[in-house]
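Asker: Its first residue numbered 367, the sequence shown is counted upward by one per residue in our numbering. Even for Gly, the Cβ is constructed at its ideal location relative to N, Cα and C.
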Amino acid sequence: MSEAPAAPLSASADRARAQGIELLLVPPRPRDGRLLLPARIAALCAVELQKLRHDRTELYTRAVQPALWLLIFGQTFTRIKAIPTGGIPYIDYLAPGIIAQSAMFIAIFYGIQIIWERDAGVLNKLLVTPTPRSALITGKAFAAGVKSVIQAVVVVVIAALLGVALTWNPLKLLGVVAIVVLGSAFFSCLSMTIAGIVLSRDRLMGIGQAITMPLFFGSNALYPVDIMPGWLQAVSKVNPLSYEVDALRGLLLGTPAHLALDFGVLIVAAALGITAASSLLGRLAR
367 MSEAPAAPLS
377 ASADRARAQG
387 IELLLVPPRP
397 RDGRLLLPAR
407 IAALCAVELQ
417 KLRHDRTELY
427 TRAVQPALWL
437 LIFGQTFTRI
447 KAIPTGGIPY
457 IDYLAPGIIA
467 QSAMFIAIFY
477 GIQIIWERDA
487 GVLNKLLVTP
497 TPRSALITGK
507 AFAAGVKSVI
517 QAVVVVVIAA
527 LLGVALTWNP
537 LKLLGVVAIV
547 VLGSAFFSCL
557 SMTIAGIVLS
567 RDRLMGIGQA
577 ITMPLFFGSN
587 ALYPVDIMPG
597 WLQAVSKVNP
607 LSYEVDALRG
617 LLLGTPAHLA
627 LDFGVLIVAA
637 ALGITAASSL
647 LGRLAR
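Here's what the structure looks like:
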C-alpha cells in the first residue's frame, strides 16, 4: 500500500528553513569596532563583580576600619579642635578623606588577585583571546572602582548617622562616584603594575603594606596641606590621593576645591596606570 504524499510545507516553514540555511552560509555581522572594546571592558568588569555577589565578606570586614576612624579619631579630634579645618567640624573634614582611604585600601591590593589568576592558569587563557591587554586591565580597574563606590556608600551612611553635613545633590553625588572610580582605577593599576614587577604575592603584600600608609599620611586626608612641613607639602602635590580628597571635599561639603584640576590629574593618572599595567601583563603571565 503506497504511503500518503507528504503535505507541502507552508510559506512560513519555507521562510524559516531559508533563514536557517542563510545563517549557516552567511557569517554573522561583526560588532562595530567602536563598540567592541567597550563591550569587552564591560564584560570583564562584570566577571570581576560576579565574585563579589558570591562572597560579600570583603564588604563587611572593610567597613570596620572606616567606622573606627570616624567614630574614634573623628569624634575625638572634633572635641580637641587641634587641627584647623576652616570652621567646619573635624569629623566633617575627615569624612571625605576616609572615603578616599577606604577606596584606596580596596584597590591597592588588587594585584594579588591577578597573581592568583596567573597561578590558577586563568590569566594565560585570557591573554590568548583577541581581547586587548588594555581592555583586560581596564575591566579590572573599573571593577575595583565599582567595589570602592559600594564601600564609599557605606562610609557616607556611617557619616550621615554621625551627623556629618553632606550634600545630597544628585549631580554632585554623580561627581563623587566618578572621582572614586577614577582614584580606585589608578591605585588598582598601580598594584597590578607592581605585581608585574615583583611577580610574587608575598612581595606584593609587603610593598602594598609599605606604601598605603605613606600615601594616606602624605595626603590632605587628615589635615590641611598648609600646616604640613615643606617636604611633605611637596609629596602631597604629587600624590593622586590628595586630588581625590580635594574633589570629594568640594563635592560633599561644598568647601573650596579645584575640581577641574582634580578630575584632570585623576584621569591622566588612571590612563598612565592602565598603560603601565598593560605593558607588564605579558611579563606576569610568563
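#1: For a quick check, are the C-beta atoms of Asn586 and Asp612 less than 8 Å apart?
#2: Hey, would you say Ile464 sits closer than 8 Å to Val521, going by beta carbons?
#3: Assuming Ile545 and Glu483 make a contact with CB atoms under 8 Å, what is their CB distance in whole Å?
#4: Whose CA, out of Leu528, Asp458, Leu618 and Val488, lies closest to the CA of Ala651?
#5: Any idea if Arg446 is buried or exposed, counting beta-carbon neighbours within 10 angstroms, 16 or more meaning buried?
#6: Helix, strand or coil for Leu570 per DSSP?
#7: The alpha helix (DSSP H) that contains Met553, what's its start and end?
#8: Checking 8 Å against the spacing of the C-beta atoms, do Met470 and Phe553 come in under that value?
#9: Quick one: does Val546 have its CB under 8 Å from some CB of chain C?
#10: Contact between the segment 448-463 and the segment 498-516: three or more CB pairs below 8 Å?
#11: Could you check if Lys506 is buried or exposed, using at least 16 other CB atoms within 10 Å of its CB as the buried criterion?
#12: Could you spell out the range, first to last residue, of the alpha helix (DSSP H) harbouring Met594?
#13: For the alpha helix (DSSP H) containing Asn694, list its first residue and its last residue.
#14: Specify whether the segment 636-652 and the segment 558-566 touch according to this definition: at least 3 beta carbon pairs, one from each stretch, less than 8 Å apart.
#15: On a Cα-Cα basis, can you pick out the residue from Pro462, Met594, Ala448 and Ile577 that is closest to Trp435?
#16: What is the rounded straight-line gap between the Cα of Leu437 and the Cα of Leu617?
#17: Measuring CA to CA, which of Pro498, Gln467, Ile480 and Ala409 is closest to Thr641?
#18: Compute the Euclidean distance between the alpha carbons of Lys538 and Ala509, then round it to the nearest angstrom.
Answerer: This is what the structure gives:
#1: For the purposes of this step, residue 586 is taken as the residue at position 220 of the sequence shown. For the purposes of this step, residue 612 is taken as the residue at position 246 of the sequence shown. Cβ distance < 8 Å, so Asn586 and Asp612 count as in contact.
#2: Here residue 464 refers to the residue found at position 98 of the sequence shown. Here residue 521 refers to the residue found at position 155 of the sequence shown. Yes.
#3: Sequence index remark: in the sequence shown, residue 545 carries index 179 (1-based). Sequence index remark: in the sequence shown, residue 483 carries index 117 (1-based). 28 Å between Cβ atoms; not a contact.
#4: The residue you call residue 651 lines up with position 285 of the sequence shown. Closest by alpha carbon: Val488.
#5: The sequence position of residue 446 within the sequence shown is 80, counting from 1. Before going further, note that residue 446 is Ile rather than Arg in the sequence given. By the neighbour-count rule (16 or more Cβ atoms within 10 Å), Ile446 is not buried but exposed.
#6: By one-based count along the sequence shown, residue 570 stands at place 204. Helix at Leu570.
#7: For the purposes of this step, residue 553 is identified with residue 187 of the sequence shown, where counting begins at 1. The sequence given here has Phe at residue 553, not Met. It spans Pro536 to Val564 - the alpha helix (DSSP H) in which Phe553 sits, taken as one unbroken run.
#8: Numbered from its first residue, the sequence shown carries residue 470 at position 104. Numbered from its first residue, the sequence shown carries residue 553 at position 187. Yes. Within cutoff.
#9: The structure shown contains no chain C; it is built from a single protein chain.
#10: By the Cβ criterion, the segment 448-463 is not in contact with the segment 498-516, since fewer than three pairs of Cβ atoms, one from each stretch, lie closer than 8 Å.
#11: As a first step, residue 506 must be located in the sequence shown, where it is residue number 140. Its Cβ being crowded by 16 or more others within 10 Å, Lys506 is buried.
#12: Translated into the one-based positions of the sequence shown, residue 594 becomes position 228. Unbroken run through Met594: none, as it is neither H nor E.
#13: Residue 694 falls outside the range modelled here, since the chain spans only 367 to 652, and no answer is possible.
#14: When Cβ pairs closer than 8 Å are counted between the two stretches, the segment 636-652 is seen to touch the segment 558-566, the count reaching three or more.
#15: For the purposes of this step, residue 435 is taken as the residue at position 69 of the sequence shown. Selected option, being the one with the closest Cα: Pro462.
#16: Position 71 of the sequence shown, counted from the first residue, corresponds to residue 437. Position 251 of the sequence shown, counted from the first residue, corresponds to residue 617. Whole-angstrom Cα-Cα distance: 22 Å.
#17: Reading the sequence shown from its first residue, position 275 is the one you call residue 641. The alpha carbon of Thr641 has as its nearest neighbour, out of Pro498, Gln467, Ile480 and Ala409, the alpha carbon of Pro498.
#18: The count along the sequence shown starts at 1 and reaches residue 538 at position 172. The count along the sequence shown starts at 1 and reaches residue 509 at position 143. Spanning the two alpha carbons is a distance of roughly 22 Å.
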